[in-house]
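A short worksheet on the structure shown next.
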Amino acid sequence: MSAAATPPAAGTDPDQLHVYECRGPRLPRTEPKHPGLLGLWMEPPYYYLFFREPAADAVTGWLLGEPGHRLERCYTLPYSAWRENIGTTERIGPFVIGASAECPDAIPAGTLTIVLSRGLAFGSGLHPSTRGCLLALAEIHRRRPLTTAVDLGTGSGILALAARRLGAHRVTALDCNLLAVREALANARVNGLEAGWLALVASGLDALRPSPGEVLLMNLEWP
Numbered sequence: 237m238s239a240a241a242t243p244p245a246a247g248t249d250p251d252q253l254h255v256y257e258c259r260g261p262r263l264p265r266t267e268p269k270h271p272g273l274l275g276l277w278m279e280p281p282y283y284y285l286f287f288r289e290p291a292a293d294a295v296t297g298w299l300l301g302e303p304g305h306r307l308e309r310c311y312t313l314p315y316s317a318w319r320e321n322i323g324t325t326e327r328i329g330p331f332v333i334g335a336s337a338e339c340p341d342a343i344p345a346g347t348l349t350i351v352l353s354r355g356l357a358f359g360s361g362l363h364p365s366t367r368g369c370l371l372a373l374a375e376i377h378r379r380r381p382l383t384t385a386v387d388l389g390t391g392s393g394i395l396a397l398a399a400r401r402l403g404a405h406r407v408t409a410l411d412c413n414l415l416a417v418r419e420a421l422a423n424a425r426v427n428g429l430e431a432g433w434l435a436l437v438a439s440g441l442d443a444l445r446p447s448p449g450e451v452l453l454m455n456l457e458w459p
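Set out below in structure tokens:
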């Protein structure tokens, strides 16, 4: 399964996340129609609906159109408890990573800035595996300049953004979660790196044929 993705409309971060955990035998065909929906996170056979406000009626109505799916439980948690904190600017090799409000106006020469939204997808630069991938990517580029790259399981898009900042003229940001692909594309736009950016929702690598790219990036496991 593959599809192109478009980014969601911009909005302020909620204080609370209202999460509805559902279970079903297949990928949902639709998403609930509710203005407070932040996204659908898929971990088959579980599917997590994130809202900025309570939405029990919308979820109940949505489940009626998704045969075999049922609500397991719902809970509320602080938004900050889900998303990794990127409230401070992080320096990782040649990259400076942070939220837009925290990125300093004066960036040292030779430094590459990556601005990330406070979204729901994984990838802030704080996790050791992400830091390791960023450092490895910078070293690969030092040895041979990048031209194309594919980020498998893109999450926030941080590795694809790093490849573009290093000079890759084409990157493919691929994830099985539409929520992640939307966030990655939104981050590409915030950074002015949308040109040469292909966003794909895919559950298999066939979407990358015939020529996936020069460098394959994969942080943690790929489904």
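All the letters of the sequence shown, read from the start, carry residue numbers 237 to 459 under our numbering. By construction, the Cβ of each residue, glycine as well, lies at the ideal position given by its N, Cα and C atoms. Model, not experiment: these values are computed from the prediction.
Cβ contact annotation for cysteine 310 (same chain, cutoff 6 angstroms, sequence separation greater than five): Tyr256, in chain order. Going by DSSP, aspartate 411 is part of the beta strand (DSSP E) stretching over 406-411. Threonine 349: not part of any alpha helix (DSSP H); member of the beta strand (DSSP E) spanning 348-351, first to last residue. Contact between alanine 385 and glutamate 450 is confirmed by a C-beta separation of about 6 angstroms, below the 8 angstroms threshold. DSSP places proline 364 in the uninterrupted alpha helix (DSSP H) bounded by 364-379. Take alanine 409, set aside five residues on each side of it, and the residues of its chain with a beta-carbon closer than 6 angstroms to its own are Asp387, Thr390, Gly393, Ala396, Ala420, Ala435, in chain order.
Secondary structure of glycine 272 (DSSP, three-state): coil. Phenylalanine 286 is not a Cβ neighbour of tryptophan 298, given a cutoff of 9 angstroms. With fewer than 16 other Cβ atoms inside 10 Å of its own Cβ, aspartate 251 counts as exposed. Across the set Gly304, Ile350, Cys412, Pro330, the C-alpha of Ile350 shows the shortest separation from the C-alpha of valine 426. For the pair alanine 357 and leucine 373, the CB atoms are not nearer than the 9 angstroms cut-off. Where alanine 435 is concerned, the enclosing beta strand (DSSP E) starts and stops at 433-438.
Taken through DSSP and simplified to helix, strand or coil, alanine 385 comes out as strand. Relative to alanine 443, the option among Asp411, Arg418, Pro281, Asn423 whose CA is nearest is Asp411. A residue is called buried once 16 or more other Cβ atoms fall within 10 Å of its Cβ, and histidine 377 is buried on that count. Per DSSP, reduced to three states, the secondary structure at glutamate 430 is coil, with no helix or strand assignment. Counted as a single uninterrupted DSSP element, the beta strand (DSSP E) harbouring arginine 327 occupies residues 326-328.
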